[in-house]
Amino acid sequence: MEKVKEVIENLGLQYVEEGAQDIVTYDDVNAAQQAWCDALVKIGQIYSEGGDYRTFAEQVLTEAYNYDHGKVFFKPTLAFGERTFRNTKKGALSYFVGGDADYPEDAGFALKPWVSARYENTGGNRQGIQIYGSVAITMGNVYVTDKEGNEVKVDKTWVFRKGADGKLRIIVHKSALPFSPG
């Protein structure tokens, strides 16, 4: 059993025995998804009000993503070219708030600003979530609305991992605009 635990930890996962309190719950996952949506809106709100949106966005990345604890695979909705994938906190921050010379194509996705954001998991909030001990996978859509009332639908897949500190953080974030044939 010790060898199994070692392999699991080497993969960056947390070994969870059956019945342990560290198992992810549906409520944990739904709360994390809603917190992400709320944070996206809040970054834009702080930006619009002239506040320190960059510091808030850094805090969101620290709390919502696993960058400070291990690997994150992040493919943002509108990222492209050589810097499509944002596997560093610096790259993720640039995507959300822009202003980084290393990512000149980033205008700051969160700075639109979006006035509302909501998520829908495929098949409903429980059907669109798979839980494997300390890891949960979701797939579905996020809908973001700008101040003119225009709603944008984004295809989203998240993988969350509950860390040793008991917090659920994103380890994989893949998003894209839905395919439009023709």
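Those letters in the sequence shown? Residues 159 to 340, per my numbering, in order. A virtual CB, placed ideally from N, CA and C, is assigned to each residue, including glycine. In this text the structure is predicted, and so the values were computed from the model without any measurement.
Which residues in the same chain as H331 place their Cβ atom closer than 6 Å to its Cβ, once the five residues preceding and following it in sequence are excluded?
Answer for H331: F232 and W316, listed in chain order.
Quick check on the burial criterion: 16 or more other C-beta atoms within 10 angstroms. Buried or exposed for L326?
It is buried - the Cβ of L326 has at least 16 other Cβ atoms within 10 Å.
How about A268 and A215: do their beta carbons lie closer than 8 Å?
In contact: A268 and A215 (Cβ atoms closer than 8 Å).
In terms of residues, what are the limits of the beta strand (DSSP E) holding F318?
E309 to K320 is the span of the beta strand (DSSP E), which, as asked, contains F318.
DSSP three-state label for L326, please.
Correct three-state label for L326: strand.
For the alpha helix (DSSP H) holding I204, just list the boundary residues, first then last.
Note, I204: alpha helix (DSSP H), Y184 to S206.
With a cut-off of 8 Å on the beta carbons, I'd call V230 and I329 a contact; round off their distance for me.
About 6 Å; that satisfies the 8 Å criterion.
Helix, strand or coil for Y253 per DSSP?
DSSP places Y253 in helix when its eight states are reduced to three.
Helix or strand or just coil, what does DSSP make of V230?
Coil.
Can you tell me whether R276 is helix, strand or coil according to DSSP?
Of the three classes helix, strand and coil, the one that applies to R276 here is strand, per DSSP.
Could you tell me how far apart the beta carbons of R284 and Y184 are, in whole angstroms, since I believe they sit closer than 8 Å?
Contact holds; Cβ gap of about 6 Å.
Given W272, which residues of its chain have a CB within under 7 Å of its CB, disregarding the five upstream and five downstream residues?
Correct list, in chain order: L198, V199, G202, V302, T303 and D304.
Could you give the first and the last residue of the continuous beta strand (DSSP E) run that contains A294?
Taken as a continuous stretch (DSSP letters only), the beta strand (DSSP E) holding A294 covers V293 to D304.
With a 10 Å radius around its C-beta and 16 neighbouring C-beta atoms as the bar for buried, classify A222 as buried or exposed.
Classification for A222: buried.
Tell me, to the nearest whole angstrom, how far the beta carbon of G266 is from that of G256; I am working on the premise that it is less than 8 Å.
Confirmed, Cβ separation roughly 3 Å.
Exposed or buried, which one is K320 when buried takes at least 16 other CB atoms within 10 Å?
Answer is buried; the Cβ neighbour count reaches 16.
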